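A.B. asks: Input: one structure, supplied below.
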Amino acid sequence: MSFRKASVLPGFGLTFGFTTFFLSAIVLLPLAALVASAGSMHWSDFVRVVSSPRALGSYRLSFGASLLAATINVIFGFIIAWTLVRYEFPGRKIIDALIDMPFALPTAVSGIALTTVFSQNGWIGRFLEPLGVKVAYTWIGVTLALTLISMPFAVRAVQPALQEVQRDLEEAAETLGARRVYVLWRIILPTVLPALLTGFTLAFARAVGEYGSVIFIAGNLPMKTEITPLLIVIHLEEFDYQGAAALGVVMLAISFVILLAINLLQAWGRRRHVQAAH
Amino acid sequence: MSITLDQVTKHYAGAPVVNDVSLDIGDGEFFVLLGPSGSGKSTLLRAIAGLSGVDHGRISLHGRDVTHVAARKRGVGLVFQNYALFRHMTVADNIEFALRVRHMRARARRERRQELLRLVALEGMDDRLPAQLSGGQQQRVAVARALAHKPEVLLLDEPFGALDAKIREELRRTIRQVQRELGITTVLVTHDQEEAFAMADRIGIMNQGRLFEVGAPHELYARPATRFVATFLGAANLFLARRTPDGIQVGGKTMGAAERAPGAPEHEVVAVVRPEEVELAPVREALGSRYLGNGVVDEVTFTGALERLRVRLDDTVRAPLLATGDVDGSTALQVTRTRHAHRGFEVRQGQGVAVGLRRVHVLPTPLSSFTACAPSAVRADALTHQPLLAELVARMKTRVAVRIEPALGREAEPCEVQGEFFGTTVIAAEGDNALRAEWLLRRGVKDLLLLPEHAAPPQRVLIHWMGDAARSATLAVSASVLRHVPAEAVYVGIFPGHSDSERHSHGMRELLDARSEAQAAHGLEMRTELHFGDVAQELARRLAEAPAQMLIVGITEVQHFAGGFRALLDSGRWPVLIVQRGAV
Numbered sequence: 000m001s002f003r004k005a006s007v008l009p010g011f012g013l014t015f016g017f018t019t020f021f022l023s024a025i026v027l028l029p030l031a032a033l034v035a036s037a038g039s040m041h042w043s044d045f046v047r048v049v050s051s052p053r054a055l056g057s058y059r060l061s062f063g064a065s066l067l068a069a070t071i072n073v074i075f076g077f078i079i080a081w082t083l084v085r086y087e088f089p090g091r092k093i094i095d096a097l098i099d100m101p102f103a104l105p106t107a108v109s110g111i112a113l114t115t116v117f118s119q120n121g122w123i124g125r126f127l128e129p130l131g132v133k134v135a136y137t138w139i140g141v142t143l144a145l146t147l148i149s150m151p152f153a154v155r156a157v158q159p160a161l162q163e164v165q166r167d168l169e170e171a172a173e174t175l176g177a178r179r180v181y182v183l184w185r186i187i188l189p190t191v192l193p194a195l196l197t198g199f200t201l202a203f204a205r206a207v208g209e210y211g212s213v214i215f216i217a218g219n220l221p222m223k224t225e226i227t228p229l230l231i232v233i234h235l236e237e238f239d240y241q242g243a244a245a246l247g248v249v250m251l252a253i254s255f256v257i258l259l260a261i262n263l264l265q266a267w268g269r270r271r272h273v274q275a276a277h
Numbered sequence: 000m001s002i003t004l005d006q007v008t009k010h011y012a013g014a015p016v017v018n019d020v021s022l023d024i025g026d027g028e029f030f031v032l033l034g035p036s037g038s039g040k041s042t043l044l045r046a047i048a049g050l051s052g053v054d055h056g057r058i059s060l061h062g063r064d065v066t067h068v069a070a071r072k073r074g075v076g077l078v079f080q081n082y083a084l085f086r087h088m089t090v091a092d093n094i095e096f097a098l099r100v101r102h103m104r105a106r107a108r109r110e111r112r113q114e115l116l117r118l119v120a121l122e123g124m125d126d127r128l129p130a131q132l133s134g135g136q137q138q139r140v141a142v143a144r145a146l147a148h149k150p151e152v153l154l155l156d157e158p159f160g161a162l163d164a165k166i167r168e169e170l171r172r173t174i175r176q177v178q179r180e181l182g183i184t185t186v187l188v189t190h191d192q193e194e195a196f197a198m199a200d201r202i203g204i205m206n207q208g209r210l211f212e213v214g215a216p217h218e219l220y221a222r223p224a225t226r227f228v229a230t231f232l233g234a235a236n237l238f239l240a241r242r243t244p245d246g247i248q249v250g251g252k253t254m255g256a257a258e259r260a261p262g263a264p265e266h267e268v269v270a271v272v273r274p275e276e277v278e279l280a281p282v283r284e285a286l287g288s289r290y291l292g293n294g295v296v297d298e299v300t301f302t303g304a305l306e307r308l309r310v311r312l313d314d315t316v317r318a319p320l321l322a323t324g325d326v327d328g329s330t331a332l333q334v335t336r337t338r339h340a341h342r343g344f345e346v347r348q349g350q351g352v353a354v355g356l357r358r359v360h361v362l363p364t365p366l367s368s369f370t371a372c373a374p375s376a377v378r379a380d381a382l383t384h385q386p387l388l389a390e391l392v393a394r395m396k397t398r399v400a401v402r403i404e405p406a407l408g409r410e411a412e413p414c415e416v417q418g419e420f421f422g423t424t425v426i427a428a429e430g431d432n433a434l435r436a437e438w439l440l441r442r443g444v445k446d447l448l449l450l451p452e453h454a455a456p457p458q459r460v461l462i463h464w465m466g467d468a469a470r471s472a473t474l475a476v477s478a479s480v481l482r483h484v485p486a487e488a489v490y491v492g493i494f495p496g497h498s499d500s501e502r503h504s505h506g507m508r509e510l511l512d513a514r515s516e517a518q519a520a521h522g523l524e525m526r527t528e529l530h531f532g533d534v535a536q537e538l539a540r541r542l543a544e545a546p547a548q549m550l551i552v553g554i555t556e557v558q559h560f561a562g563g564f565r566a567l568l569d570s571g572r573w574p575v576l577i578v579q580r581g582a583v
């Protein structure tokens, strides 16, 4: 902390105060209300709601599909970012702009579009059907929707990092006798690893909270294709606010643990990286 | 030979970045490629390393043709300006990278690493990360890493660029020491002439993709062959001087003995005078060197060991001083003096001084200055603004004079011209070109440039000569032109009649002779082509094939030339430079 350093922004006191207030009002207070609301339940009721088979199934789907979607996005996001950063081709700017489309689209629209394409007689769905692959109304569809809406996060996180990887590093490795795969594995990936983790975190966080696009393609069969946010909405529709809050608290806890773990991993990596700037 | 480059050419977006470079670098030699930014020196280094391909030519390392061999199999070590260390690896891992790739055992790796760290004076730094080292230390690691796999050639791409002066000095010494100890052939790329002087066994100077001159540092400094090298390697004053039977005349005063065989006809040359070869004295009698004239001190700058002055010569001194490449384009004489000389004779701004020259070096270039020649002042003046001429003048750091010949091209009037023609005479292409060219060539013009109104700098220059007497001069002029225009040079050999195998092989021999003479005597790299048929027709056909071409043609007598080339000259489509050298 450096209080004395002069800066363009007004003094530390003011900015720190604002930060605290803002975080409290927008983030902490509502979360506290959520926890308080769930806390007003009896402990046994709480356990019953959050550990019902339907809830457990929804956790598995929500977190499993989100982790899977984030993984897919990190892999393909890396390839997309690589293409955009490293190659000059006609239409590059357009593709670059298209990456952000899932940001701009109302998520419900994405869900409807995906359902149209992947339902049994959709453009792609009808070819997958004979192969025995069902996408719409299965966990695959859920993963697909989550992948789509969280894709920009992965690409945008990795892109600047890749831009920073100097061509020189690869060339140096090449003159030292390394093959391209070796260069990718030993030089490029370690360098962009922090960015990949950030991309993973962002994509995962986005996917866990997603609701709009999933409900169209999921089919919402309890225990099978029902995600936790949907379950929460169902509780709300039955005016079971406490139940909804209980599920919310569980989601909050799991998300927090996962994100914290990733952040710790990242911090550990960074420490290893710049073991001390003296 | 350790590194052999043979006509290496690399284009980027149509323009040559490296243009026909041929070079031999010996075993254990420390060779410096010196040039301004954008001269193609880094591209050439990358081509040697295998990081960028070449469009034409061959590269051999220790006799092995590696033109199409991948970088990782070339066995070179490369050091970058920004170190390019792997930041997520320790010093040890960085240095061992090449050894790991080669699956060397851990113990052997460790031994080699320790040997290298000792070599670059970084013992005990094994476990540091690059971020924990200073710039100089990082570059030492980079050098050690590049040497780990015992490469046969070490390439250094501006390795000191990012370091401050003191560290730079120290690292220079280390690298030179390591290089001597290992006896490894080394190529260093830099734009810093001081660095080149400090490190090189030999220097190669590049500009606009071409390798201009190669030689030992002191040789290049004392006896440059081209304007570019003269002004790029240290400061230089360029004079338009005359080579007379008595010696070199600057401003009408003989400055030195003739460097070539006496008896050659008087002609214009470009003379180089280094600032430290200029002497200043209160009066003419006090000069220890040959007197040039009087001048006024314009500016005095003290730079520690040396004093730099600018002296404006009196108008009475008739020594045309060419622009010395300064930003302000001023033509004041540059002078540097030691503390010693300063103590002997102190000068202040505005003071009048007598100027003497201790040593004058004459450039062997045949192109000295240009003279725009036309029947009227208006047309001559318009010609001086022709884009190609303006470009040539700017790049050659020379000047254009104007000469009015009212009777130009009118053969009927038996008119005598006043005064001799010096330098290259330029006429505009506007109709009766052949007639005007003949008129001038008959009146003693040796080099004649015919310029179409909108001709731009050419991308390809075709070279041809008629008669062996013109051969050497044509090659010299071509070499001079091509040093200032980034174009491809093509010698077009044309033989009368049709091709048959015997005449074909005879023709090929001649082409090879021409090419090796151009290379050996004039440092000009050129391609060759063989054609059969009528000379002027074949040349016109070849010129018409692509845009932006220029012709340089050597002739020994006017009559035959003017007849055969009438159509080509009168079409006025291409710039044509006629070089007339006869058995006069």
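In order, the protein sequence lines correspond to chains A and B.
So the first sequence is numbered by numbering that gives the first Met the number 0: it starts at 0 and just counts up by one.
So the second sequence is numbered by numbering that gives the first Met the number 0: it starts at 0 and just counts up by one.
Yeah, the Cβ is synthetic: ideal placement off N, Cα and C, and Gly gets one too.
Remember, it's a predicted structure, so these values are computed and weren't measured experimentally.
(1) Would you call G52 (chain B) buried or exposed, if buried means 16 or more other Cβ atoms sit within 10 Å of its Cβ?
(2) Examine chain A for any beta-carbon lying closer than 8 Å to the beta-carbon of H67 (chain B), and answer yes or no.
(3) Check whether chain A comes within 8 Å of L77 (chain B), counting only Cβ atoms and requiring the distance to be less than that.
(4) Does T174 (chain A) get closer than 8 Å to chain B when you measure Cβ to Cβ?
(5) Distance check for L143 (chain A) and A69 (chain A), CA to CA, integer angstroms please.
(6) Mind checking K165 (chain B): buried by the 16 CB within 10 Å criterion, or exposed?
(7) Shortest alpha-carbon distance to L60 (chain A) belongs to which of A:A171, A:T14, A:G140 and A:A194?
(8) Three Cβ pairs or more, each shorter than 8 Å: is that satisfied between the region 443–457 of chain B and the region 547–557 of chain B?
(9) Suppose only complete runs of 3+ residues qualify. What are the beta strand (DSSP E) ranges in the region 170–257 of chain B, listed by chain order?
(10) For Q348 (chain B), is the classification buried or exposed, using 16 other Cβ atoms within 10 angstroms of its Cβ as the cut-off for buried?
(11) Kindly list, in the order they appear in chain B, the residues whose Cβ is closer than 8 Å to that of D99 (chain A).
(12) Just checking my contact of A468 (chain B) with L568 (chain B) at CB under 8 Å: how many whole Å lie between their CB atoms?
(13) Taking C-beta pairs closer than 9 Å, name the residues in chain B that E170 (chain A) reaches, listed in chain order.
(14) Run down chain A in chain order and give the residues with a C-beta less than 7 Å from the C-beta of F159 (chain B).
(15) For the region 237–257 of chain A, which residues have a beta carbon sitting closer than 8 Å to at least one beta carbon of chain B?
(16) If we ignore side chains and look at the alpha-carbon of each, how far apart do A488 (chain B) and L523 (chain B) end up?
(17) Only counting runs of 4 or more residues, tell me where the alpha helix (DSSP H) segments fall wholly within the region 81–160 of chain A, in order along the chain.
(18) Does DSSP put Q136 (chain B) in a helix, a strand or coil?
(19) Whole angstroms is fine: what's the gap from Q610 (chain B)'s alpha carbon to L356 (chain B)'s?
(20) For the beta strand (DSSP E) holding G351 (chain B), just list the boundary residues, first then last.
(21) Applying a beta-carbon distance threshold of less than 8 Å, which residues of chain B neighbour I186 (chain A)?
(22) Go through its chain and collect everything with a Cβ distance to G211 (chain A)'s Cβ below 8 Å, but skip five positions before and after it.
(23) Measure the CB-CB distance between L576 (chain B) and K396 (chain B) and report whether it falls below 8 Å.
(24) Would you please verify whether the beta carbon of R85 (chain A) is less than 8 Å from any beta carbon of chain B?
(25) Cβ of I2 (chain B) less than 8 Å from any chain A Cβ?
(26) For S504 (chain B), count the other beta carbons within 10 Å of its own beta carbon; 16 or more makes it buried, fewer makes it exposed. Which is it?
(27) Where in the region 493–544 of chain B do unbroken runs of the beta strand (DSSP E), each at least 3 residues long, occur, reported from the N-terminal end onward?
(28) Below 8 Å between beta carbons is the criterion; list the residues of the region 141–170 of chain A that meet it against any residue of chain B, in chain order.
(29) L183 (chain A) by DSSP, collapsed to three states: which one?
(30) So which of B:F231, B:Q80 and B:L118 has the shortest CA-CA distance to I94 (chain B)?
(31) Excluding the 5 residues flanking E122 (chain B) on each side, which residues of the same chain have their C-beta closer than 8 Å to its C-beta?
(32) Given that V587 (chain B) touches chain A, what residues does it touch there, using C-beta distances under 7 Å?
(33) Please report how far the alpha carbon of F215 (chain A) lies from the alpha carbon of H41 (chain A), in whole angstroms.
(34) Three-state secondary structure (DSSP) at V49 (chain A)?
(35) Compute the Euclidean distance between the alpha carbons of Q518 (chain B) and D5 (chain B), then round it to the nearest angstrom.
(36) What do you get for A224 (chain B), buried or exposed, if any count of 16 or more other CB atoms within 10 angstroms of its CB means buried?
C.D. replies: Put simply:
(1) exposed
(2) no
(3) yes
(4) yes
(5) 11 Å
(6) exposed
(7) A:G140
(8) yes
(9) 184–189, 201–206, 209–214, 236–243, 246–249 and 252–255
(10) Per the 10 Å Cβ criterion, exposed.
(11) Neighbours of D99 (chain A) on chain B: none; closest Cβ ~30 Å, over 8 Å.
(12) About 21 Å separates the two Cβ atoms, so there is no contact after all.
(13) Near E170 (chain A) (Cβ distances below 9 Å), the residues of chain B are R45, A48, L50, A70, L77, F79 and A83.
(14) In chain order: nothing, as chain A lies at least about 16 Å away.
(15) none
(16) 8 Å
(17) 91–97, 100–103, 106–117 and 124–127
(18) DSSP, reduced to helix, strand and coil, places Q136 (chain B) within a helical segment of the structure shown.
(19) Any question about residue 610 (chain B) goes unanswered here, given that chain B covers just 0 to 583.
(20) G351 to L356
(21) Result: F85.
(22) P105, T106, A107, S109 and G110
(23) no
(24) no
(25) It does not; no Cβ of chain A falls within 8 Å.
(26) The residue is exposed, with fewer than 16 neighbouring Cβ atoms inside 10 Å.
(27) 526–531
(28) Cβ proximity to chain B below 8 Å picks out Q165, D167, L168 and E170 from the region 141–170 of chain A.
(29) helix
(30) It is B:L118 whose Cα lies nearest to the Cα of I94 (chain B).
(31) Q113 and L116
(32) No answer is possible for residue 587 (chain B): the residues shown for chain B start at 0 and end at 583.
(33) 34 Å
(34) helix
(35) 11 Å
(36) buried
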